[in-house]
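Protein chains in written order, with the numbering used here: chain A, 1 to 375; chain B, 1 to 375.
Where a beta carbon is used, it is the ideal one built from N, C-alpha and C, also for glycine.
Below is one structure, written out as structure tokens, with a few remarks after it.
There are 2 protein chains.
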Amino acid sequence: MTKFSFTRTAQDGRARTGVIETTRGAIRTPAFMPVGTAATVKAMLPGSVRETGADILLGNTYHLMLRPTAERIERLGGLHKFMNWERPILTDSGGFQVMSLAALRKLTEKGVTFKSHIDGSKHEITPERSMEIQRMLGSDIVMCFDECPALPADRARISESMQLSMRWAARSKEAFGDRPGHALFGIQQGGLEEDLRAESAAALREIGFDGYAVGGLAVGEGQEAMFGCLDFAAGQLPEDTPRYLMGVGKPDDIVGAVARGIDMMDCVLPSRSGRTGQVFTRRGVLNIKNARHADDPRPLDDRCDCPACRQYSRAYLHHVFRSQEIIASMLMTWHNLHYYQTLMAGMRDAVSEMRFAAFEAEFHAARAEGDIEPL
Amino acid sequence: MTKFSFTRTAQDGRARTGVIETTRGAIRTPAFMPVGTAATVKAMLPGSVRETGADILLGNTYHLMLRPTAERIERLGGLHKFMNWERPILTDSGGFQVMSLAALRKLTEKGVTFKSHIDGSKHEITPERSMEIQRMLGSDIVMCFDECPALPADRARISESMQLSMRWAARSKEAFGDRPGHALFGIQQGGLEEDLRAESAAALREIGFDGYAVGGLAVGEGQEAMFGCLDFAAGQLPEDTPRYLMGVGKPDDIVGAVARGIDMMDCVLPSRSGRTGQVFTRRGVLNIKNARHADDPRPLDDRCDCPACRQYSRAYLHHVFRSQEIIASMLMTWHNLHYYQTLMAGMRDAVSEMRFAAFEAEFHAARAEGDIEPL
């Protein structure tokens, strides 16, 4: 079985491009991972997700452990088979969603106990249990179990939480064991504090992981603060393994993160927005429910070759969105994911061709134009 | 422009098979028309609908005239272009849905006034207006505007209503005018009364249409009464033009209707059921939300080659249905439409090969077996 590997093929400034090889196929970086929370990227068939250019999906441990349960997925042959996605899957550790979704959370040194947001049943996640669940799911890239404090928080709380996450990272590594063909990523914490981030990075490097995530960002601190943190945090992580910025983000967040040395990202934004009528194009964001689109025969983006843009008018998408038709979610999610993957491909090419700064300038210039004028 | 034509290629008992040629392609009969109410077959992309084997879709005049309006669809190039379906479309007249959905209906000799179920706005449909709307939509097969009384109703009410529908049929024909490449179908009424059905059929034949529908059935009379009526009603309509049974139905309704000489049908059942978890297979009906499927690695139907059956387990479909994921509607609608189209193809082959009675027997025998046993 091939071992997990990362090869950087080019670097322009801090922006990198390369490829992660896994036993289930290659992941071109920088990579955007669509989120398949409950064993589906909402409103998309897996073949369509692949058509947008996605090399890897993210699955949510918290959701899957509650329903249909990791044990059931294992009995059914693992998450890839269950959800009909043969390529790589990264699973998060469950930690973040326990904190954001579950009720009656109780945090101890051992782990977290909580009640399910679905049926109120009681559960526990520890580093060991998180590794067990992610093993049963069969994910290719496993994330350490960590704690992620909401920002703003005081320095003492952030430091304490980071220390706990580092102890959990060591336990995660121990529990993960030796699983050829599967990778384990550590998660750096430390809020916006440079020294705490450095301390966390050092602790993780000491333990040793196949890749390193920047955790604890995109939790309300704002883009400027996030970029400020990434300016030091990314460089604290090893150069020769993938760097993954968790839960990010908007298109300009993603471009800024890649500019700061990030290789992987995930976010529900393109899929969630597809269901709420928010559409991403190279000229920024538009809302399809706006009356200005009702009679507009033009596509969302005349340069986009996704099915929504090749085959449908804004007027149609407006109509089906207003009529609450499922096809509206299907088409706009497809478009948004296609936009995100096209953006990633554009960045990969730009880094390869050593013109990332020009790419960034064009990206921002097109967005500054804003959406096409009404007819 | 090719004129609308119908060629019967075989007949076995009263069951017929053949082909309707239109300017937008051939319709193999017996044909099942998926319903694309608001310019979309719910939860399906048009390419997927075509993949199930559908040659023609049905669009609903009532829904489309209210939203996005026929005028808007015409400005945007017609319904085919609007909804990205290049093959034939049949539109109903709006009459049936006005009666079942609209508020404050007022019926006169001239037509029907009503308030929209969407926004309460006031509208009128007359035979002339129905023809105008269907022309603006650009439908290939246009239906006469008729009135359809709910059953049971007394004979006088049914007769009176049928007479009105026949006067409206004459006005529809007059208003339709001469539109090469587009067909106009008359609609037989008369409840379950043989003599009223005969009177209606005679009136329609006198006016002259490109095809004839059996209207006013599948409105609560039950299968036995419906088949009893079809036993005389279908034969009252011309042999050399298509016979269309409106709003039917369940798989066994469809087989029984074809056995009685029907060539075309439409129903929301396969698509609606796909969204409510009801699944049609050759072994009958199953409900995917039932706990018995939670751990079942088998497909819905091991002989079905739709994506839901080729790529997913019952366990997965159960999970995504219980999780209210859109993919559940997408996959189960696909399966159900595939099942219906496979059933139609089976009947077409059976009639061609003069073994329709054997086909019927096999159809009922497989259903009598019931769903596969739980593991």
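Notebook entry, point to check: What residues match up with Asn-287(B) in a beta bridge as DSSP calls it?
Noted result: Asn-287(B) is bridged to Gln-278(B).
Margin query: Tell me the DSSP secondary structure of Met-264(B) in three-state form.
Written below: If DSSP states are grouped into helix, strand and coil, Met-264(B) belongs with the strands.
Margin query: What does the alpha-carbon distance come out to for the pair Met-65(A) and Cys-148(B)?
Written below: Straight through space, the alpha carbons of Cys-148(B) and Met-65(A) are spaced by roughly 52 Å.
Note to self: If contacts are defined as beta-carbon pairs under 8 Å, then Ile-262(A) and Met-332(A) qualify, I think. What distance do you get, rounded to the angstrom?
What the structure shows: Their Cβ separation, rounded to whole angstroms, is 26 Å, which puts Ile-262(A) and Met-332(A) out of contact at 8 Å.
Check: Quick one: what does DSSP say Tyr-62(B) is sitting in, helix, strand or coil?
Finding: Reduced to three states, the DSSP call for Tyr-62(B) is helix.
Margin query: Going by DSSP, what residue range makes up the beta strand (DSSP E) through Lys-106(A)?
Written below: Here the beta strand (DSSP E) through Lys-106(A) covers 103 to 107.
Item checked: Below-7 Å beta-carbon distance, Lys-42(A) vs any chain B residue -> Chain B, which has a Cβ nearer than 7 Å to the Cβ of Lys-42(A), makes this yes.
Checklist line | Residues of the segment 56 to 73 of chain B with Cβ closer than 7 Å to any Cβ of chain A, in chain order | finding: Cβ contacts with chain A: Arg-67, Pro-68 and Arg-72.
Note to self: Let's see if you can read the secondary structure: which residues bound the beta strand (DSSP E) around Lys-122(B)?
What the structure shows: Per DSSP, Lys-122(B) belongs to the beta strand (DSSP E) from 122 to 125.
Margin query: Can you find the residues in the same chain that come closer than 7 Å, C-beta to C-beta, to Phe-363(A), ignoring five residues on each side of it along the sequence?
Written below: For Phe-363(A), where only same-chain residues beyond five positions count, the Cβ hits under 7 Å are Val-255.
Next item on the list: Using the DSSP secondary-structure output, state which residues sit across from Pro-34(A) in a beta bridge.
Entry: Beta bridge pairing from DSSP links Pro-34(A) with Cys-267(A).
Next item on the list: Return the first residue and the last residue of the alpha helix (DSSP H) that Thr-29(B) is part of.
Entry: Not the alpha helix (DSSP H): Thr-29(B) falls in the beta strand (DSSP E), residues 25 to 29.
Next item on the list: Out of Ile-73(B), Val-142(B) and Asn-84(B), state which residue places its alpha-carbon closest to the alpha-carbon of Gly-95(B).
Entry: Per the Cα distances, Val-142(B).
Check: Who are the near neighbours of Ser-161(A) in its chain, counting only those whose CB is closer than 7 Å to its CB and skipping five residues on each side?
Finding: Result list for Ser-161(A): Glu-147, Pro-149 and Gln-189, in chain order.
Notebook entry, point to check: If Thr-61(A) sits next to Ile-133(A), beta carbons under 8 Å apart, how far is it from one beta carbon to the other, in whole angstroms?
Noted result: With a contact defined as Cβ atoms closer than 8 Å, Thr-61(A) and Ile-133(A) qualify at about 5 Å.
Note to self: Once the 5 residues before and after Tyr-339(A) are set aside, which same chain residues still bring their CB inside 6 Å of it?
What the structure shows: Phe-280.
Check: Name the chain A residues that come within less than 7 Å of Asn-84(B), Cβ to Cβ?
Finding: Residues of chain A passing the Cβ test: Gln-311 and Tyr-312.
Margin query: Quick check: Lys-115(A) and Lys-122(A), are their CB atoms within less than 7 Å of each other?
Written below: By the CB criterion at 7 Å, Lys-115(A) and Lys-122(A) fall inside the cutoff.
Notebook entry, point to check: Would you report the Cα separation of Arg-50(A) and Val-248(A), rounded to the nearest angstrom?
Noted result: Approximately 20 Å, taken between the alpha carbons.
Notebook entry, point to check: Would you say the segment 264 to 273 of chain B touches the segment 335 to 351 of chain B, given that touching needs at least three Cβ pairs under 8 Å?
Noted result: By the Cβ rule, the segment 264 to 273 of chain B counts as touching the segment 335 to 351 of chain B, because three or more pairs are nearer than 8 Å.
Checklist line | Validate contact between the segment 166 to 180 of chain A and the segment 200 to 220 of chain A using beta carbons, cut 8 Å, 3 pairs | finding: Yes: at least three Cβ pairs fall under 8 Å.
Check: Between Gly-376(B) and Pro-307(A), what straight-line distance do the alpha-carbon atoms span, to the nearest angstrom?
Finding: Here chain B has residues from 1 to 375 only, and residue 376(B) is not among them.
Check: Counting only beta-carbon atoms, is Ala-320(A) nearer than 7 Å to chain B?
Finding: According to the sequence as given, residue 320(A) is Val; it is not Ala. It does: the Cβ of Val-320(A) has a partner Cβ on chain B nearer than 7 Å.
Check: Distance, Cα to Cα, Gly-235(A) vs Met-330(A)?
Finding: Going by C-alpha positions, Gly-235(A) is about 39 Å away from Met-330(A).
Check: Is any beta-carbon of chain A found at less than 7 Å from that of Ala-291(B)?
Finding: Ala-291(B) is outside the set of residues whose beta carbon lies under 7 Å from a beta carbon in chain A.
Check: From Glu-74(A) to Pro-242(A), what distance separates their C-alpha atoms?
Finding: A direct Cα-to-Cα measurement between Glu-74(A) and Pro-242(A) gives close to 28 Å.
Next item on the list: Could you run through the segment 135 to 149 of chain B and flag, in chain order, every residue whose CB is less than 8 Å away from some CB of chain A?
Entry: Considering only beta carbons, no part of the segment 135 to 149 of chain B lies closer than 8 Å to chain A.
Check: Hey, out of Leu-79(B), Ala-225(B), Met-83(B) and Trp-168(B), whose CA is closest to Lys-110(B)'s CA?
Finding: Of the candidates Leu-79(B), Ala-225(B), Met-83(B) and Trp-168(B), the one whose C-alpha sits nearest the C-alpha of Lys-110(B) is Trp-168(B).
Note to self: Below 8 Å on the Cβ atoms is my contact criterion, and I expect Val-98(A) with Ile-118(A) to pass it. Report the Cβ-Cβ distance as a whole number of Å.
What the structure shows: Between Val-98(A) and Ile-118(A) the beta-carbon gap is near 13 Å, outside 8 Å, which marks them as no contact.
Next item on the list: State the DSSP-derived secondary structure class of Met-332(B), mapped to helix, strand or coil.
Entry: In the displayed model, Met-332(B) falls within a helix according to three-state DSSP.
Next item on the list: On a CA-only basis, which of Pro-297(A), Asp-140(A) and Val-285(A) is nearest Gly-59(A)? Give me that one, please.
Entry: In terms of CA proximity to Gly-59(A), Asp-140(A) leads the group Pro-297(A), Asp-140(A) and Val-285(A).
Check: From this set, Ala-70(B), Glu-239(B) and Asp-296(B), which residue's C-alpha is nearest Asp-295(A)'s C-alpha?
Finding: Minimum Cα distance to Asp-295(A) is reached at Ala-70(B).
Notebook entry, point to check: Who are the neighbours of Arg-16(A) on chain B, taking C-beta pairs under 8 Å?
Noted result: Around Arg-16(A), no beta-carbon contact reaches into chain B at under 8 Å, the shortest distance being about 34 Å.
Next item on the list: State the Cα-Cα distance for the pair Met-354(B) and Ala-361(B), rounded to the nearest angstrom.
Entry: The C-alpha of Ala-361(B) is placed about 14 Å away from the C-alpha of Met-354(B).
Notebook entry, point to check: Rounded C-beta distance between Ile-187(A) and Ala-153(A)? I'm assuming under 8 Å.
Noted result: That belief does not hold up - the Cβ atoms of Ile-187(A) and Ala-153(A) are roughly 17 Å apart, past 8 Å.
Margin query: At a CB distance below 7 Å, what residues from the segment 323 to 353 of chain A approach chain B? Give them in sequence order.
Written below: Contacts with chain B (Cβ-Cβ distance below 7 Å) from the segment 323 to 353 of chain A involve Ser-323, Glu-325, Ile-326, Ile-327, Ser-329 and Met-330, listed in chain order.
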